[in-house]
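There are 2 protein chains.
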Amino acid sequence: MEQMPKSKTIALRQKLIGPSCQLFFKKDPLKIVRAKAQYMYDERGDAYLDCINNVAHVGHSNPAVVKAGSEQMAVLNTNNRFLHDEIVICAEKIINTLPENLEVCFFVNSGSEANDLALRLAQIHTGNTDVIALEHAYHGHLTSLIDISHYKFNLPGGVGQKDHVHVAPCPDSYRGKYRDNQHSLDETGYLYSEDVRKICDEIKKKGKGVCAFIAESFLSCGGQVIPPKNYFENVYQHVREAGGICIADEVQVGFGRIGRHWWTFQHYNIQPDIVTMGKPMGNGHPVACVVTTREIANSFRRTGVEYFNTYGGNPVSCAIANAVFDTIERENLRERALVVGEHLLDSCQMLAKKHKCIGDVRGCGLFVGIDLVEDPISRKANKKCAEYVVQRMREEHILVSADGPECNVIKFKPPMVFTKENVDEVILTLDRVLKEVRHQEHLDAKIKSIQNQPQGVPTVETHATKEHRPRRALIEETIKSI
Amino acid sequence: MEQMPKSKTIALRQKLIGPSCQLFFKKDPLKIVRAKAQYMYDERGDAYLDCINNVAHVGHSNPAVVKAGSEQMAVLNTNNRFLHDEIVICAEKIINTLPENLEVCFFVNSGSEANDLALRLAQIHTGNTDVIALEHAYHGHLTSLIDISHYKFNLPGGVGQKDHVHVAPCPDSYRGKYRDNQHSLDETGYLYSEDVRKICDEIKKKGKGVCAFIAESFLSCGGQVIPPKNYFENVYQHVREAGGICIADEVQVGFGRIGRHWWTFQHYNIQPDIVTMGKPMGNGHPVACVVTTREIANSFRRTGVEYFNTYGGNPVSCAIANAVFDTIERENLRERALVVGEHLLDSCQMLAKKHKCIGDVRGCGLFVGIDLVEDPISRKANKKCAEYVVQRMREEHILVSADGPECNVIKFKPPMVFTKENVDEVILTLDRVLKEVRHQEHLDAKIKSIQNQPQGVPTVETHATKEHRPRRALIEETIKSI
Numbered sequence: 001m002e003q004m005p006k007s008k009t010i011a012l013r014q015k016l017i018g019p020s021c022q023l024f025f026k027k028d029p030l031k032i033v034r035a036k037a038q039y040m041y042d043e044r045g046d047a048y049l050d051c052i053n054n055v056a057h058v059g060h061s062n063p064a065v066v067k068a069g070s071e072q073m074a075v076l077n078t079n080n081r082f083l084h085d086e087i088v089i090c091a092e093k094i095i096n097t098l099p100e101n102l103e104v105c106f107f108v109n110s111g112s113e114a115n116d117l118a119l120r121l122a123q124i125h126t127g128n129t130d131v132i133a134l135e136h137a138y139h140g141h142l143t144s145l146i147d148i149s150h151y152k153f154n155l156p157g158g159v160g161q162k163d164h165v166h167v168a169p170c171p172d173s174y175r176g177k178y179r180d181n182q183h184s185l186d187e188t189g190y191l192y193s194e195d196v197r198k199i200c201d202e203i204k205k206k207g208k209g210v211c212a213f214i215a216e217s218f219l220s221c222g223g224q225v226i227p228p229k230n231y232f233e234n235v236y237q238h239v240r241e242a243g244g245i246c247i248a249d250e251v252q253v254g255f256g257r258i259g260r261h262w263w264t265f266q267h268y269n270i271q272p273d274i275v276t277m278g279k280p281m282g283n284g285h286p287v288a289c290v291v292t293t294r295e296i297a298n299s300f301r302r303t304g305v306e307y308f309n310t311y312g313g314n315p316v317s318c319a320i321a322n323a324v325f326d327t328i329e330r331e332n333l334r335e336r337a338l339v340v341g342e343h344l345l346d347s348c349q350m351l352a353k354k355h356k357c358i359g360d361v362r363g364c365g366l367f368v369g370i371d372l373v374e375d376p377i378s379r380k381a382n383k384k385c386a387e388y389v390v391q392r393m394r395e396e397h398i399l400v401s402a403d404g405p406e407c408n409v410i411k412f413k414p415p416m417v418f419t420k421e422n423v424d425e426v427i428l429t430l431d432r433v434l435k436e437v438r439h440q441e442h443l444d445a446k447i448k449s450i451q452n453q454p455q456g457v458p459t460v461e462t463h464a465t466k467e468h469r470p471r472r473a474l475i476e477e478t479i480k481s482i
Numbered sequence: 001m002e003q004m005p006k007s008k009t010i011a012l013r014q015k016l017i018g019p020s021c022q023l024f025f026k027k028d029p030l031k032i033v034r035a036k037a038q039y040m041y042d043e044r045g046d047a048y049l050d051c052i053n054n055v056a057h058v059g060h061s062n063p064a065v066v067k068a069g070s071e072q073m074a075v076l077n078t079n080n081r082f083l084h085d086e087i088v089i090c091a092e093k094i095i096n097t098l099p100e101n102l103e104v105c106f107f108v109n110s111g112s113e114a115n116d117l118a119l120r121l122a123q124i125h126t127g128n129t130d131v132i133a134l135e136h137a138y139h140g141h142l143t144s145l146i147d148i149s150h151y152k153f154n155l156p157g158g159v160g161q162k163d164h165v166h167v168a169p170c171p172d173s174y175r176g177k178y179r180d181n182q183h184s185l186d187e188t189g190y191l192y193s194e195d196v197r198k199i200c201d202e203i204k205k206k207g208k209g210v211c212a213f214i215a216e217s218f219l220s221c222g223g224q225v226i227p228p229k230n231y232f233e234n235v236y237q238h239v240r241e242a243g244g245i246c247i248a249d250e251v252q253v254g255f256g257r258i259g260r261h262w263w264t265f266q267h268y269n270i271q272p273d274i275v276t277m278g279k280p281m282g283n284g285h286p287v288a289c290v291v292t293t294r295e296i297a298n299s300f301r302r303t304g305v306e307y308f309n310t311y312g313g314n315p316v317s318c319a320i321a322n323a324v325f326d327t328i329e330r331e332n333l334r335e336r337a338l339v340v341g342e343h344l345l346d347s348c349q350m351l352a353k354k355h356k357c358i359g360d361v362r363g364c365g366l367f368v369g370i371d372l373v374e375d376p377i378s379r380k381a382n383k384k385c386a387e388y389v390v391q392r393m394r395e396e397h398i399l400v401s402a403d404g405p406e407c408n409v410i411k412f413k414p415p416m417v418f419t420k421e422n423v424d425e426v427i428l429t430l431d432r433v434l435k436e437v438r439h440q441e442h443l444d445a446k447i448k449s450i451q452n453q454p455q456g457v458p459t460v461e462t463h464a465t466k467e468h469r470p471r472r473a474l475i476e477e478t479i480k481s482i
């Protein structure tokens, strides 16, 4: 499958691909040549247990999905100006998982395209332009979405905050503005929602109305944050009173990832006006969807402006999405996410008892975060520890990543075929890695000593000539010597 | 392949899919269940000769493309944060077709995503926001692109013209502001480019600079318009003098459609700063690309903001794009476009001598337009005639469409596997259809009489019960009776 040596792939990548497109493990990136279920394989045939690719929802290279895509591709792939069965079957499957008010689908190619259309629908329907989004939120790579994504526009080189954008505090009861060590969870939910009410009031004071409130139902880039139970209910009420509509961004967290429900917003007592879905929908194939109410769809229709998306809802994309739906049901992947996810959560909580660098463990189903801290009282984020864990786990051939505003939250969002045995492997390894960093005071010295040794961190130029996993051996030696 | 009767597909579509997503032949839409090369087949097995689906560039269900996609799908489909060979091979193929200054690729999922990123790159690089686009131009369905697409924002229900958007006249020497019956072609090119210079001057007068000039190299939605030879060269000079960069939108017209060149901008003596490509790139699969200069890519890099596009440049998309490239070369499809396209153009010009409703025939390769007029002197657009032609050709099982600001231009942009025999079939049929409308004064009466007959235009509710092609028989009777 490999068509050139890794060194050449790296050289061509550096030469030809935009330098803003970043690689995982920049200093020694992985070349992945195949993947199956919850495993990815590099060019040497080494397997990596995949805890991060939520897009490969029903498992990498899922045979049923591949079959559906290949068969449809061989027969027809055209635009939705022609009638086709796959698109209406897909729409029916989606609608059947949603509350009754959500009854009209627009098919697009990516979560970004979905969120852009959602905002456009909101603007047309409400006639307003002021959007409320959350601190640390990410909603996509398009211009309109970077504008509302605090995670992006607020970066040092970011575009900054536009006038029509309002940022509400991230409803994170662990490390946000209102915390569970000062308030009850209900109180934090109420206080966070009050901040949204205040934004609504300010918009109203200016004689304007709200266009939309948009939020992920659980926040992923924000650091695997689970808003308090009463948060969205209160927020939706305030937003609607101010003339706005409510958009649930389910691009990362939808399609049964949390187990109990198809959609994470169903964890709350709310009915969004628009739901956007993407990533897992095509198991890697570019397909996404915006679902909304008849009323909002009709507002768009009344403009007389056609919506045409060249590939949106094409027969191949929809056949694949239908196969993803069927696979989730046939293989009981939602139940599995619940059972395996609970085991993961329990195991992480056990680990938290052993390692004081684990400040918080939170999650639901196969959406779990481990919040690493310098000490559990101050809750000061421990980014270095997270970096160390991600790197060391990779050396142990387990792929995890870190996110959150301070990059200190280890994220788990594996393919839904993840097993209890996989959890045990991850936990055992993580336990071992965290033991290495148990003595916080030694961490800096360790990393420093590794970095100072020339073969410690292979560079892009030379790594292809390195021996297998030199860094691991090196670290083991380093640790033994401490 | 059909999973439900057409009537049920229609009913579900009406119920579940956004009403702004329009069907071809709204009153009696086509249900297409399979397609091969330049033919599409409806649920009854009837074949339609496809003159409109430029997306199916190397032919519907092209076996080499299907094989590449299916094989890659079965092995790996993941994001480009992992190294993979297909993406760098694809980038290399693209770069090899372009001038030296265009050397950095960003992979995305659609022409819309490509144009959005192009504008973003332009803003970051120039620090300016004022965009110059053309009258009647269409650059995509995203918020940022509808803002610059006169074809969309200027509709009665459109969003209107934003302050940062400037619309230059469409460089159409047949029915635009400056015409070939008043000026030489060179003069029209100069005059149209002067209008862009004036816009640049106005922007400069306000103490600002230009962000970007964006145009399709040949204008498709604008009515198959071919700008004069000297137009872009002059325009690019003015735009660059005003601090702007130049974007060539090749989403519709790229990948050898015009035969002589890989990219239509190469028809002109210009070097764009950014080229966007999409539709034909994946032969129906969602893949697109932005290619730019090292300098512009570095401006983006310097912001420190990562560009991550979940599916952009994934192994399946790139394997498919690579197969499209290889197929174009292996099957000499550019040469074929040139030869078949010349035959199409010649044949249309022959037809123009017979039918005074053909005001202009223009094109290059397999990008051809027939401009239908009420009379050749005034050049008044004949929309009714175009509607009649599109409908009648469909009854003859040939798919053409009409576009342009007055919907009077019959567009040909068939799959590149189109043959001379296909051209002859189209021309013979078109000749026959145009004979039917030869007597302009009878046209209205004919259409009216057809519409007044209850079975004439099957409605969405009842058409499934209609006999095969009732309208054709009806029209033939009508014509005989005249």
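Quick mapping for you: the protein sequence lines, in order, are chains C and F.
If you read the first sequence in my numbering, its first letter stands for residue 1, the second for the next number, and so on.
If you read the second sequence in my numbering, its first letter stands for residue 1, the second for the next number, and so on.
The beta carbon of each residue, even a glycine, is placed where N, CA and C say it ideally should be.
Of the listed residues the options, nearest to residue i (C-alpha basis)
| i | options | result |
| --- | --- | --- |
| R394 (chain C) | C:S112, C:F213, C:K27, C:G243 | C:K27 |
| Q3 (chain C) | F:A319, F:G189, F:R334 | F:A319 |
| R379 (chain F) | F:V324, F:N408, F:G59, F:N96 | F:N408 |
| E135 (chain C) | C:A215, C:L121, C:I124 | C:A215 |
| A56 (chain F) | C:V65, C:V437, C:T310, C:L372 | C:T310 |
| P415 (chain F) | F:L338, F:R257, F:G243, F:S317 | F:R257 |
| K204 (chain F) | F:H150, F:R240, F:V373 | F:R240 |
Local Cβ density within 10 Å of residue i, reported as buried at 16 or more and exposed below that
| i | result |
| --- | --- |
| L76 (chain C) | buried |
| L428 (chain F) | exposed |
| P63 (chain F) | exposed |
| K8 (chain F) | exposed |
| G365 (chain C) | buried |
| T459 (chain F) | Low confidence applies here, because T459 (chain F) scores a pLDDT of 40, under 50, leaving its location unreliable; read the following figure in that light. Flag for T459 (chain F) reads exposed. |
| R13 (chain C) | buried |
Nearest-angstrom Cα separation, counted from residue j out to residue i
| i | j | result |
| --- | --- | --- |
| V457 (chain F) | K67 (chain C) | Model confidence at V457 (chain F) stands at a pLDDT of 43, short of 50, so the residue's coordinates are unreliable and nothing is read from them. |
| I17 (chain C) | I87 (chain F) | 9 Å |
| S299 (chain C) | V159 (chain F) | 13 Å |
| S173 (chain C) | K411 (chain C) | 17 Å |
| C200 (chain F) | D116 (chain F) | 22 Å |
| A137 (chain F) | T276 (chain F) | 15 Å |
| Q38 (chain F) | C51 (chain F) | 8 Å |
| K93 (chain F) | P280 (chain F) | 15 Å |
| V225 (chain C) | L219 (chain C) | 5 Å |
| D431 (chain C) | E71 (chain C) | 45 Å |
| G157 (chain F) | V305 (chain C) | 6 Å |
| S144 (chain C) | K353 (chain F) | 50 Å |
| A74 (chain C) | A35 (chain C) | 23 Å |
| G140 (chain C) | L119 (chain F) | 16 Å |
Endpoints, the beta strand (DSSP E) within which residue i is located
| i | result |
| --- | --- |
| L372 (chain C) | 367-372 |
| E194 (chain C) | Not the beta strand (DSSP E): E194 (chain C) falls in the alpha helix (DSSP H), residues 185-205. |
| V75 (chain C) | That residue, V75 (chain C), is in no beta strand (DSSP E); its alpha helix (DSSP H) goes 63-75. |
| M40 (chain F) | 39-42 |
DSSP bridge partner residues for residue i (one or two, in chain order)
| i | result |
| --- | --- |
| T276 (chain F) | F:D249, F:V290 |
| E216 (chain C) | C:D249 |
| S20 (chain C) | DSSP lists no partner for S20 (chain C). |
| Y401 (chain F) | A small fix is needed here, since residue 401 (chain F) is Ser in this sequence, not Tyr. F:K411. |
| Y48 (chain C) | C:M40 |
Chain A residues whose Cβ lies nearer than 7 Å to that of residue i
| i | result |
| --- | --- |
| K411 (chain F) | The structure shown contains no chain A; its protein chains are C and F. |
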